[in-house]
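What follows is a single structure, written as structure tokens, with notes after it.
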């Protein structure tokens with residue numbers, strides 16, 4: 699079983715689903731208490747993919763940090779801690795947590811420094827969005843291409859779907875991660 703926590707779209711876990719894994723997509727904002735989920739050691743959880751909402755953490759929003767309600771950051775930090783607690787309870791073979799470059803490690807110091815960073819162009823998708831990775835997993839082998847599309851995510855027009863579209867895991871990284879962590 700693969701737990702895909704916070705990603706919402708299932709893009710990161712899609713290669714696992716296609717390979718026949720039982721993938722559970724868990725949206726922590728609609729299931730507010732991850733501690734209530736009944737996944738225990740021995741429940742067959744192979745891996746946990748965690749993609750906490752980046753709204754309060756991403757460096758792209760740094761210019762608004764000083765004027766934001768501190769309670770928003772507090773809720774986001776609590777959610778990351780719930781994700782980590784869930785991961786600890788299920789004792790998976792491997793786990794990974796991703797978030798764009800920003801203040802996550804400072805806000806949740808128990809995470810420590812990220813293990814590595816990557817851009818979609820490192821894994822065959824020709825654009826940039828520097829992302830930090832934490833966890834206990836095998837780092838995927840890079841298959842770099844030129845980032846000919848630059849930072850294309852900035853060009854997504856405003857609207858209800860903008861946040862979701864910006865947060866979709868690039869397919870090249872999802873495939874490479876699956877191959878390194880089957």
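In this note's numbering, the protein residues as written are 699 to 880.
Quick reminder that beta carbons are idealized off the backbone N, C-alpha and C, glycines included.
Check	Outcome
What number of angstroms, rounded off, separates the C-alpha of residue 727 from the C-alpha of residue 704?	8 Å
Does the distance from the CB of residue 846 to the CB of residue 799 come in under 9 Å?	no
What residues in its chain sit with their C-beta under 8 Å from that of residue 836, if we drop five residues either side in the sequence?	792, 878, 879
With a CB to CB cut of under 6 Å and the five nearest residues on each side skipped, what residues in its chain are close to residue 742?	699
Just to confirm my understanding: we take residue 872, look at its own chain, exclude 5 residues before and 5 after, and list those with CB closer than 7 Å. What are they?	709, 710, 712, 713
Going by C-alpha to C-alpha distance, which of 815, 826, 788 sits closest to residue 839?	815
Rounded to the nearest angstrom, how far is the Cβ of residue 869 from that of residue 820, given a contact under 8 Å?	Going by Cβ atoms, the distance from residue 869 to residue 820 rounds to 13 Å, so no, they are not a contact pair.
What are the start and end residues of the alpha helix (DSSP H) that includes residue 783?	768 to 788
Excluding the five sequence neighbours on either side, which residues of its own chain have a C-beta within less than 6 Å of the C-beta of residue 771, listed in chain order?	754
Beta-carbon separation of residue 848 and residue 794 under 9 Å?	no
Tell me the DSSP bridge mates of residue 829?	798, 816
Helix, strand or coil for residue 764? Go by DSSP, reduced to three states.	coil
Counting C-beta neighbours from all protein chains within 10 Å, is the total for residue 677 16 or more, i.e. buried, or is it exposed?	Coverage of the chain is limited to positions 699 through 880, which leaves residue 677 absent and any answer about it impossible.
Please check the pair residue 746 and residue 788, which I expect to be a contact at CB under 8 Å, by giving their CB distance rounded to whole angstroms.	7 Å
Determine the direct distance from the alpha carbon of residue 808 to that of residue 867, and round the result to whole angstroms.	24 Å
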